[in-house]
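These notes concern the structure reproduced below.
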Amino acid sequence: MLDLSYVREHQDEIRQMLKTRAPELNFDDFLRIDTDRRTYLKDLDSLRAEKNKANDQITQLLKEKKDPKPTIASMKSIAQKIDVLESKVGEINEKLNQILLIVPNKPHKSVKSGEDSSKNIQIRQSETPKKPDFELKNHIELGQNLGIFDLVRGSKIAGSAFVVYSGHGARLQRALVNFMLDTHTKDHGYQEFWPPALVNRASMTGTGQLPKFEEDMYRLRDDDLFLIPTAEVPLTNLHRDEVLKEEELPLKYTAYTPCFRREAGSYGKDTKGLVRVHQFDKVELVKFCKPEDSYEEHEKMLKDAEKVLELLKIPYRVMQLCSGDMGFAAAKCYDIEAWAPALGRWLEVSSVSNFEDFQARRANIRFKRKATGKSELVHTLNGSALALPRVVIAILENFQNADGSLLIPEVLRPYMGGLTILRKV
RNA sequence: GGAGAGAUGGCUGAGUGGCCGAAAGCGUCCGCCUCGAAAGCGGAUAACCCGCAAGGGUUCGGAGGUUCGAAUCCUCCUCUCUCCGCCA
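Residue numbers are given in the working numbering: position 360 of the first sequence equals residue 435, and the series is strictly consecutive.
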């Protein structure tokens, strides 16, 4: 959510931003509603001041044992006027808030403007992926041959785009989760959490999934709960409606959770194998920090996420997203993409975003600044580190041998009971 | 699922119709003291909205209602705690 007075004072900038990021929004309507609201609010304030004065008079009269009847009568008529105006203001507030909640964040000045991913900028690349001297099998064939996951049965027990891992594949999930969590807690100083996978409407609104993207979420209608699409939601909402202490910032949190995405409207895209599934596992990083630190913390978080791929020795590149390719709530975003040689594609395995105060304003997350004694909104950041299925794809396709066996990345071996190579069953 | 109790500032907690934006304590900040600190003493300290300011307004879990007037009374909702039931 943007700051209303900022919007008011930077109309041209916001109008320009909405053109690319939310063309369906009628900005003039919005401004008109805002003006109306301010007019009514002023009237309401002065009426209330009158009422309060009358109220004091009544108190005084009662104390002096004089007759308060005439003052009570005039106060009654003021109260009626207030009632009318209050309901009007209530309606307007509702309208304004509804709009404000679907206005996307404005990109940071370092973000290039552009329509889609073609305008993204490559920041760096770990190494040039090397071409093997044998014919590569894709991850689906490898996975099936090695017996580590089963899409047909996933589809039988849940539906299409659900997967069941088995045997060494199941253990690989566990290994990846533990490896990633250990890396972030021991080497990068994040505090570990194990949050609920179901959250309420307020939480989903706080991080920006609602109200705009309700269609993309799995929802439990009877209880009005939502399956989390990412651990960002519960982790960020840990501090919803809280005032943090300046000296405890930045807070660095990490969690493994399953993630659930309906992927409504994306049928036909990436339908192959593990690239896009409805339920997947992910280790997430979340930070709360002071506004002046957020861009530095953003770069650090990116490095923390990259480190996982470095350790796994998976080729990757870092892209900076252009304005049109960024998510709704982000002010700046990097994607990390892992190389999948058999698919011949870079696969997004992480998205590292700085939301500035966009989520903090929605979720009311503040900190008390010592120098001023005032509370301010924090900046929130998050990044995947990493999403598992595409990492599995990258491992399978990069570490396969000519005979169809799979080399286990060195850092994972301790988590796989010392297993170094996975052979056909 | 049933019965009862509760929700007040950064935190704990008093307040049962007007003198309450709210006692007290903790915490925090400033000053005194000290070589410095601790302790002690004195003072300040909720958030938000409108306004250049003076000032005005809103907010006691949320939404309605009663009343001239609600933290306080009534209704509904949410959450927390205790007991019972069920259960991994």
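For each residue, glycine too, the CB sits at the ideal point set by N, CA and C.
It should be emphasised that the depicted structure is a prediction, and the values quoted were computed from it without experimental measurement.
> Taking the alpha carbon of K388 as the point to measure from, which residue in L100, I470, E322 and R294 has its own alpha carbon closest?
Replying inline: Walking along the first sequence from the start, residue 388 turns up at place 313. That would be I470, whose Cα lies nearest to the Cα of K388.
> Residues in its own chain within less than 7 Å of Q200 by CB, not counting five upstream and five downstream?
Replying inline: On the first sequence, residue 200 is found 125 positions in, with the first residue counted as 1. Here Q200 has R392 as same chain residues with Cβ atoms under 7 Å from its own Cβ, once five neighbours each way along the sequence are excluded.
> Going by Cα to Cα distance, which pick from V238, H243, E216 and K231 is closest to I223?
Replying inline: Your numbering for residue 223 matches position 148 in the first sequence. Among V238, H243, E216 and K231, the Cα nearest to that of I223 belongs to H243.
>> Quick check on the DSSP output: the alpha helix (DSSP H) that includes F105 runs from which residue to which?
In response: On the first sequence, residue 105 is found 30 positions in, with the first residue counted as 1. For F105, the uninterrupted alpha helix (DSSP H) segment begins and ends at F102 to K138.
> What is the DSSP secondary structure of I303, counted as helix, strand or coil?
Replying inline: Stepping through the first sequence from its first residue, residue 303 is reached at position 228. Coil at I303, not helix or strand.
>> Does Y293 come out as helix, strand or coil in the three-state DSSP assignment?
In response: Here residue 293 corresponds to residue number 218 of the first sequence, with the count starting at 1. Assigned with DSSP and collapsed to three states, Y293 falls in coil, not helix or strand.
> How would you call N457, buried or exposed, if buried means at least 16 neighbouring beta carbons within 10 angstroms?
Replying inline: Against the first sequence, residue 457 aligns to sequence position 382. Burial check for N457: the Cβ neighbour count within 10 Å reaches 16 or more, so the residue is buried.
> Helix, strand or coil: how does DSSP classify K365 here?
Replying inline: As a position in the first sequence, residue 365 is number 290, starting the count at 1. Correct three-state label for K365: coil.
>> Relative to the C-alpha of I215, which candidate in M376, T346 and L310 has its C-alpha closest?
In response: By 1-based counting over the first sequence, the position of residue 215 is 140. Closest by alpha carbon: T346.
>> Nearest by alpha-carbon distance to A446: which of T95, K320, L217 and I468 is it?
In response: Walking along the first sequence from the start, residue 446 turns up at place 371. Of T95, K320, L217 and I468, the residue nearest in Cα terms is K320.
> Does DSSP put M394 in a helix, in a strand, or in coil?
Replying inline: In the first sequence, the residue the question calls residue 394 occupies position 319. Strand, per DSSP.
>> So for N275, helix, strand or coil by DSSP?
In response: Residue numbering aside, residue 275 sits at position 200 when the first sequence is read from its first letter. If DSSP states are grouped into helix, strand and coil, N275 belongs with the strands.
> Under a three-way DSSP split, which group does N213 fall into?
Replying inline: As a working mapping, residue 213 is identified with position 138 in the first sequence. N213: coil per DSSP, three-state reduction.
>> To the nearest angstrom, how far is the alpha carbon of M279 from that of F301?
In response: The residue given as residue 279 occupies position 204 in the first sequence. The residue given as residue 301 occupies position 226 in the first sequence. Straight through space, the alpha carbons of F301 and M279 are spaced by roughly 8 Å.
>> Give me, in chain order, the residues of the same chain whose beta-carbon lies closer than 7 Å to that of E317; leave out the 5 immediate sequence neighbours on both sides.
In response: Numbered from its first residue, the first sequence carries residue 317 at position 242. Excluding sequence neighbours, E317 sits near I440.
> According to DSSP, is Q86 helix, strand or coil?
Replying inline: Here residue 86 corresponds to residue number 11 of the first sequence, with the count starting at 1. Residue state, collapsed to three classes: helix.
>> With three or more C-beta pairs closer than 8 Å as the rule, is the region 414-432 touching the region 225-245?
In response: They do not touch, by the three-pair rule.
> Considering only residues of the same chain and omitting the five flanking positions on each side of I147, which have a CB-CB separation below 7 Å?
Replying inline: Position 72 of the first sequence, counted from the first residue, corresponds to residue 147. Excluding five sequence positions before and after I147, the CB atoms of its chain that fall closer than 7 Å to its own CB belong to I133, given in chain order.
> Which class does A148 belong to by DSSP, given the choice of helix, strand or coil?
Replying inline: For the purposes of this step, residue 148 is taken as residue 73 along the first sequence, with counting starting at 1. Helix.
> Based on the DSSP secondary-structure assignment, which residues constitute the bridge partners of W414?
Replying inline: On the first sequence, position 339 is the one that residue 414 refers to. The partner list for W414 (beta bridge, DSSP) reads W421.
>> Judging by CA-CA distance, which residue of I198, I108 and S235 is the nearest neighbour of Q173?
In response: Residue mapping note: residue 173 aligns to position 98 of the first sequence, counting from 1. It is I108 whose Cα lies nearest to the Cα of Q173.
>> At 3 residues or longer, what runs of the beta strand (DSSP E) sit wholly inside the region 173-255?
In response: Correct list: 196-200.
> Can you name the start and end residues of the alpha helix (DSSP H) that P464 belongs to?
Replying inline: Here residue 464 is taken as the residue at index 389 of the first sequence, counted from 1. P464: member of the alpha helix (DSSP H) spanning L463 to N473, first to last residue.
> How far does the alpha helix (DSSP H) with A435 in it reach, from first residue to last?
Replying inline: By 1-based counting over the first sequence, the position of residue 435 is 360. Counting along the chain, the alpha helix (DSSP H) containing A435 begins and ends at F433 to A438.
> By DSSP, does S162 sit in helix, in strand, or in coil?
Replying inline: As a position in the first sequence, residue 162 is number 87, starting the count at 1. DSSP places S162 in helix when its eight states are reduced to three.
> When you compare only the Cα positions, how much space is there between V352 and Q248?
Replying inline: Walking along the first sequence from the start, residue 352 turns up at place 277. Walking along the first sequence from the start, residue 248 turns up at place 173. Each residue's alpha carbon lies about 15 Å from the other.
> Bridge partners of H373, per DSSP?
Replying inline: Sequence index remark: in the first sequence, residue 373 carries index 298 (1-based). None, per the DSSP bridge assignment.
>> If I measure Cβ to Cβ from L211 and keep anything under 6 Å in the same chain, skipping five residues before and after, which residues do I get?
In response: Counting from 1 along the first sequence, the entry for residue 211 is found at position 136. Cβ neighbours of L211 beyond the five flanking positions: P416 and A417.
>> Does N476 come out as helix, strand or coil in the three-state DSSP assignment?
In response: Along the first sequence, read from residue 1 onward, the residue named residue 476 stands at position 401. Coil at N476, not helix or strand.
> With burial defined as no fewer than 16 other Cβ atoms inside 10 Å of the residue's Cβ, what is the status of T114: buried or exposed?
Replying inline: Position 39 of the first sequence, counting from 1, holds the residue named residue 114. It is exposed - the Cβ of T114 has fewer than 16 other Cβ atoms within 10 Å.
> DSSP three-state call for T280: helix, strand or coil?
Replying inline: The residue given as residue 280 occupies position 205 in the first sequence. When secondary structure is reduced to three states using DSSP, T280 falls in the helix class.
> Are three or more beta carbon pairs between the region 166-185 and the region 117-136 nearer than 8 Å?
Replying inline: At 8 Å Cβ cutoff, the stretches do not touch.
> With distances taken between CB atoms, is the gap from L295 to T329 smaller than 7 Å?
Replying inline: Walking along the first sequence from the start, residue 295 turns up at place 220. Walking along the first sequence from the start, residue 329 turns up at place 254. Not closer than 7 Å, so no.
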